[in-house]
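Residue 4 is where the sequence shown starts when you use this note's numbering, and the numbers rise one by one after that. Glycine included, every Cβ here is placed at the ideal spot set by N, Cα and C. Since the model is a prediction, treat every value here as computed from it, not as a measurement.
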Amino acid sequence: MSRRDSILESAARVVAQRGIRGLRVEELAEAAGVSTSLIYYHFKDRAGLLAQTMDFISARAERYTESEIDAAADPVGHLEQLLLLELQDLPLVMENSTAWGESRATAVFQPELRDQLRSATIRWTDHLRSLIRSAQDRGTIPDTVAPADAAERLTALVEGLSMRWLSGSLELARARELLRGAIPVELGIQP
């Protein structure tokens with residue numbers, strides 16, 4: 004792993020544990036085992052570090068939500084597995100989801116974070132939308148379902164369930180059960 008990736012991995016951990024407001028370059032340097040000057044060399048300033056950390060978190064999520072189900076052969080199965088992979092009892096997933104939630108919460112008070120979060124969310128929902136549209140083309144989801152709306156609601160549901168699970172107000176198995184039950188309802192699929 005490169006020094007840059009090591010710094011980003013440490014930054015994601017700090018954001019998950021302390022929030023964005025708790026991300027201090029000096030403490031990050033210590034946690035990553037590098038000098039502050041190396042962090043500034045790679046990321047220019049705290050804002051650059053934060054932007055790259057959010058990109059790193061998004062890229063990690065794309066890797067651990069890689070579905071084994073072929074999207075062309077079974078878009079609904081692919082979509083379901085993709086969403087369920089956001090709810091895994093693995094340290095990396097928990098850290099990523101916590102950092103994502105911290106970023107969303109901080110964006111309420113720091114508008115400069117909103118564009119990056121919006122862009123990442125649009126990429127995710129566009130992917131879900133295209134899977135839903137593909138399933139409609141195959142006839143497995145009714146044409147009465149609005150793909151963009153369904154993608155937004157499923158995204159919000161996964162994020163909400165994830166935060167409830169991570170905060171201890173919902174068991175993981177229950178969160179996954181609720182998600183499994185919501186997908187066919189949202190997509191207009193008869194059981």
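Query: At 4 residues or longer, and completely inside the stretch 118-192: list those alpha helix (DSSP H) runs for me, N to C.; Result: 150-169, 175-190
Query: Just how far apart, CA to CA, sit isoleucine 42 and isoleucine 23?; Result: 16 Å
Query: Can you check the stretch 62-121 for any alpha helix (DSSP H) of at least 4 residues that lies completely inside it and give the ranges in chain order?; Result: 78-87, 94-110
Query: Rounding to the nearest angstrom, what Cα-Cα distance links aspartate 73 and histidine 81 in this structure?; Result: 6 Å
Query: Please report the Cβ distance between leucine 164 and leucine 90, rounded to the nearest whole angstrom; I am assuming they are in contact, meaning their Cβ atoms lie under 8 Å.; Result: 7 Å
Query: For a quick check, are the C-beta atoms of valine 79 and alanine 138 less than 7 Å apart?; Result: yes
Query: Does the Cβ-Cβ distance between leucine 173 and arginine 167 come in under 7 Å?; Result: yes
Query: Let's test the definition: count the other Cβ atoms within 10 Å of the Cβ of isoleucine 125 and tell me whether it reaches 16, buried, or not, exposed.; Result: exposed
Query: Suppose you measure from the CA of glycine 51 to the CA of tryptophan 127; what does that come to, to the nearest Å?; Result: 22 Å
Query: Compute the distance between the beta-carbons of leucine 131 and alanine 154, then report whether it is under 7 Å.; Result: yes
Query: Assuming arginine 49 and valine 28 make a contact with CB atoms under 8 Å, what is their CB distance in whole Å?; Result: 6 Å
Query: Nearest-angstrom Cα distance between threonine 158 and alanine 123?; Result: 12 Å
Query: Quick one: what's got a C-beta closer than 7 Å to threonine 56's C-beta in the same chain, skipping five residues either side?; Result: Leu11, Ala14, Ala15, Val18
Query: If you compare alpha carbons, which of Ile60, Pro114, Glu71 is closest to alanine 102?; Result: Ile60
Query: Check this for me: beta carbons of serine 100 and glutamine 84, under 7 Å apart or not?; Result: no
Query: Pick helix, strand or coil for arginine 24, following the three-state DSSP scheme.; Result: coil
Query: Which residues mark the beginning and the end of the alpha helix (DSSP H) in which serine 40 is found?; Result: 39-46
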